[in-house]
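What follows is a single structure, written as structure tokens, with notes after it.
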Amino acid sequence: MLYCPQTDDLHSSSPDQAPGHVAEASEKKDRINERKEKKMKKMLCLLLTLCLFLLSLPALAAAEEITLTFSSWGDAAEKQILESALARFTEETGIKVEYLYTPEDYVTKMTTMAAANELPDVGYLSEPIVVQWANEGMLKDLTPALKSGNVDAKMDSNKFIDKNGNVVGVSVADEVVMIFYNPVYFDQMGIPYPPSKAEDAWTWDEFVDVCKKLTVDVNGKHPGEDGFDENNIKTYAVKMDDRDYVYESFLYSNGTGLFTEDGKGIALYEDPAVEVFQAIADLVNVHHVMPSAEDAANNMDMSSCFLSNSCAMVISGQWNFQSMAISAEEDGITYDVGVLPYFKEPRTANTGTPVVVFRDTKHYDEALLLASYIMNTEFVMNFITSGLWMPVSEEWYTDEALISKWLTEGVHSPHYREACIDWALKNTHPSAYFTYGCVQQLEDLYIPALDNVLLGTQTAKEAMESIKPELDKVMSDYLASLQ
Amino acid sequence: MSNEIANGVAAVRKRRHFSAMRRNEAVAGYLLMLPLLLGIVFLTYGQFVYSLIISFTDQSVFGAANFVGFQNYKKLLTEDFFFWKSIKATMLYAFGSVITTQLAALAVALLLNNRHLRGKTFFRTIFYIPSIVPAVASCLLWMWMFNPDFGLFNAMLKTLGLPTSKWIYAESSAVPSLVLMSAWACGAPMVIYLSGLANVPPSLLEAVDIDGGGAWTKFIHITIPMISPVLFYNTLMGVIAGFMTFTNSYVMTEGGPNNATLFVNYLIYRDAFQYNEFGYASALAWIVFLVLAVLTLIIFRFFGKKVYYGDKD
Amino acid sequence: MTRIELRKKKKKIRPSLIILYAFLIAGTFVCLVPLYWMLRSSLMSNAEIFVFPPRFFPNSWRWNNYVKTFQNFDALMYFTNTMKILVPCVIGTVLTSAMAGYALGRLNFPGKKIWFALTIGAMILPGHVVLIPLYLTYSFIGATNTYTPFYLAAWCGGGAANVFLMRQFMRTLPREYDESAMIDGASRLQIFLKILIPLCAPILITVAIFTFMFYWNDFQGPLIYLRSDNKFTLALGILSLRGAYASKWNYIMAASLVMVVPAVLLFAVGQRYFIEGIVLTGVKG
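In order, the protein sequences belong to chains B, R and S. For what it's worth, the working numbering labels the leading residue of the first sequence as 1, then goes sequentially. For what it's worth, the working numbering labels the leading residue of the second sequence as 484, then goes sequentially. For what it's worth, the working numbering labels the leading residue of the third sequence as 797, then goes sequentially.
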């Protein structure tokens, strides 16, 4: 340990002591000499240990034990599941794994370690960063792992592709967006449940109509009726969480997306996208069926919404099944799922945190093996049965025997098969994160710009026009960086 | 003749003694400063210089660093979409929070310094608690209190018949809301004021009593000058802390609504770690450094001269 | 004023005292709200926490939450680790910042103004951009995944803010002490240790308490510098309650409350020593 000198050491005698202190001064000199001797002895000890250590290094290296580092985030339960998965890996392959657990600020830590060339071998990486890092050469190609036969075939919609066409990340879980609803409330209001089959999905207008029937104010009136008090709404029809994925889903549903067809331009300010944003904002300001940003209902968890009947439906991601299952047990709420309403075609965006192999790895083949393990659906079954993840291999969606392995009573609601499994299989469109590295910057521009649209102080067209130059700049900078 | 020589020798001896004393003082000074010096050189300014150099490149943490001169600075000042809004928001927050927090801290400290007050220990602990509650918990709590529908604040305003606010959910009221939140955690500066107030000699206060002066005279002519060192410290630290604010906007508002609370520190973090534009972020940090350096100089020039220390300097 | 008149004046203070108490009691409620809110949240189910209108009392008092929170959580290990960092760092900070504050505040040495300016300057560069070069420095000396970065930072001045605070305080003490002691033949360092340190006890304890609070709650430092789970501190360990997509807020509140309580107790006990003013032992006036 590198300590700074203790105060004691500062008791050195100064040259101008008055004569009366000579005796003290010489005593001090003795003490100082003693300390110097001790220091020298300490230094010799350290040198000796250092020499021994250096000599033993070759021996250590010759032991040929490979240790990989694996990093992830997550809570304690997830940590445990991963630890047991890693232990099983070590058992079966003899390769040791050091688990680097980073509960918070994962990207900051990874970036810092990258600067010091200390990146782990394998690990998670947040979706917005993956393609960015890959384009800078920070991630290695996973294709050999996928072809090796150690991993079940992965769906193409869950592969992260860098500018060279390499597969640099594969989602450990598939996640899609759908409508979660409170069946008890629908029963109370006498309204049929949201459709669970994509063929039966509501059009946007049908969706708005149902929302109006679901929304009631404190006097029991619906939007559009006389005396409806929009400032005192008791139950809203719908709210949207995780806006980036929800917006994307509806953009795909309207035949557009963040980017133009050729992938070289921004589509966010074009008419189809503007139409989507305006429609969503109208839910708040025109139809009064969705809470605005400041409404209490908007800031509640899904389970709190159903518990207090503040919202009949919540549009959010599949991962909510885990916490809803816990809430069902703790608070007795019920929940089920249906497919999203559509503009032109029923669509959802899909996403999923990937596992990647980092640039600094010194054992590429072994790292690929570890990545395969983590990608293996059997291996992470606990996450899937708890409702947090969905599998990433097609056969787990189509093969009956396999489906029954991961469908869990009490977690996956009655309409899960149609509204999630079939939905994810047939109606999904990969999120832009899988192929573009500039999505985060675009979101940091357009989502705040939509704040005013949702408040009703701007139209979607105005908001998007106001940031059009910025969006274009991000795109052109990004394209330039790909050269 | 011998007298002159004796005087001369005495004078030389005195001079030697004084210069020896001065040398003594300098040696002692540097020895005592040694830990701080080592820290400043190896753990602070070495890294500062590194980041200053990086600010003139287009480094992206793991890419090569190409020298780009003042391009980053120019881009920030002329082209960056967020920069000016961010600086304005940060300044608004910093000055707002210094004023409210220091006033609150001083007021509470003065109240708690009352001779006749019982239960000082209890009250002091109570008022300090908000500043040690973990940020996660206090941010959640304040989001609840700020809720326009059911939150505590609007409930109170409604009962008093006053107009309600949208607090952190509207662009215009977002920063003032965060300023209010910072004033609530005035426990730390309050403690420092209490330490300073404890050093005000009671004899001086009694002298005012005897001369027939009231509480206000005591406050202006005795208390304020006597605590001016800590007043100075707290004000400067308050300004710096206000500029460096990060957690509140990161956790509570994510820079919104519509970037109203996108403070510079959050912008730096985002540019450095989410966009991987490290050179650009460093340039932004150094602009903040310059702004703060100017502010600090101003505070030292105007405020610093008026501070009364006990020593004759 | 005569003594009788002074006494009468004291009696007149009563009504304002009542107002004072009223205000302080109101303030107490304001300041205790967070603690109560953490307590009530920790005893609820996750869904209950965010329900609007907010419930002041949990429907079912789930004391079991505390058991469940610490089931997966090796509190003792995290606590020991926290102490391993905290104790040396508090000592180091108080000591080295007092030393530097004394030098900057009461001694004259060439370059003093420059060093003071540099000290203030150290506080005004946003930390995010220094994070990486600092990490590189520690990585270079092989200090990552150890507690050395914390010790070094604490023992090399303990932070510019503390040095500045010490300097302010040291400057308020009259020079007569230094001068009379020097006439008695004491060296500068003896003056520092035997006279000024006891006089500055209030501010030393203040800095100690603030430093304690910092290291007790700090998770950023341990997060960046530590890799092995068995070296994590309490503040960092609590973050393991935050999940990837959803957090168990009731457990987080329970753990946060458990962490706040010792800090509050420490302050309650420690504040007697510095605010009661050991300084006013007849030395002043």
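Each residue gets a CB set at the ideal place from its N, CA and C atoms; glycine is no exception.
A distance of 8 Å or more separates the beta carbons of residue 649/R and residue 230/B. In this structure, 467/B is the residue among 467/B, 40/B and 240/B with its C-alpha nearest to the C-alpha of residue 267/B. Rounded to the nearest whole angstrom, the CA to CA distance from residue 396/B to residue 403/B is 6 Å. Using a Cβ-Cβ cut-off of 8 Å, residue 107/B is close to 756 and 757 of chain R, given in chain order.
By the criterion of at least three beta-carbon pairs nearer than 8 Å, the segment 819-826 of chain S is not in contact with the segment 836-850 of chain S. In this structure, DSSP gives residue 714/R a helical state, which the three-state scheme calls helix.
Chain R has a Cβ within less than 8 Å of the Cβ of residue 138/B. Fully contained in the segment 216-293 of chain B are the following beta strand (DSSP E) runs of length 3 or more, in chain order: 233-240. Per DSSP, reduced to three states, the secondary structure at residue 926/S is helical. Taking 8 Å as the CB threshold, residue 79/B lines the interface with chain S. In this structure, the alpha-carbon of residue 478/B lies about 36 Å from that of residue 180/B. Taken residue by residue, none of the segment 645-660 of chain R has a beta-carbon sitting less than 7 Å from a beta-carbon on chain S.
Using beta-carbon distances, residue 981/S does not count as an interface residue toward chain R, since no partner is under 8 Å.
Excluding five sequence positions before and after residue 119/B, the CB atoms of its chain that fall closer than 6 Å to its own CB belong to 113, 358 and 360, given in chain order.
Counting C-beta atoms within 10 angstroms of its own C-beta, residue 853/S has fewer than 16 neighbours from the protein chains shown and is therefore classed as exposed.
Around the beta carbon of residue 460/B, a 10 Å sphere encloses 16 or more other beta carbons of the protein chains shown; the residue is thus reported as buried. At a cut-off of 4 residues, the continuous stretches assigned as alpha helix (DSSP H) that sit fully inside the segment 828-904 of chain S are 842-845, 860-867 and 871-902. Taking all protein chains shown into account, residue 720/R has 16 or more neighbouring C-beta atoms within 10 Å of its C-beta and is therefore buried.
At a cut-off of 8 Å, the C-beta of residue 273/B has no neighbouring C-beta in chain R. Within the same chain, Cβ atoms closer than 7 Å to the Cβ of residue 750/R are found at 565, 569 and 767, the five residues on either side in sequence being excluded.
In this structure the segment 971-981 of chain S does not touch the segment 907-919 of chain S; the number of beta carbon pairs closer than 8 Å is below three. Taking a Cβ-Cβ cut-off of 9 Å, residue 361/B has no neighbours in chain S, whose nearest Cβ is about 16 Å from it. Within the same chain, Cβ atoms closer than 7 Å to the Cβ of residue 245/B are found at 177, 317, 349, 351 and 431, the five residues on either side in sequence being excluded. Taken atom to atom, the span from the alpha-carbon of residue 547/R to that of residue 136/B is near 10 Å. In this structure, 68/B is the residue among 233/B, 283/B and 68/B with its C-alpha nearest to the C-alpha of residue 95/B. At a cut-off of 8 Å, the C-beta of residue 631/R has a neighbouring C-beta in chain B. In the structure shown, residue 415/B adopts coil according to DSSP, grouped into three states.
Between residue 1048/S and the set 455/B, 76/B and 433/B, the nearest pair of CA atoms involves 76/B. Residue 1044/S counts as buried, since no fewer than 16 other beta carbons sit within 10 angstroms of its beta carbon. The segment 927-947 of chain S makes contact with the segment 1015-1032 of chain S: 3 or more CB pairs, one atom from each, lie closer than 8 Å.
In the displayed model, residue 99/B falls within a strand according to three-state DSSP. For residue 491/R, no Cβ of chain B is located within less than 8 Å of the residue's own Cβ. Of all alpha-carbon atoms in 637/R, 764/R, 706/R and 654/R, the one lying nearest the alpha-carbon of residue 686/R is that of 706/R. In the three-state scheme derived from DSSP, where H, G and I count as helix and E and B as strand, residue 93/B is classed as helix. Looking only at 454/B, 279/B and 435/B, the smallest Cα-Cα distance to residue 132/B is reached by 435/B.
In the displayed model, residue 947/S falls within a helix according to three-state DSSP.
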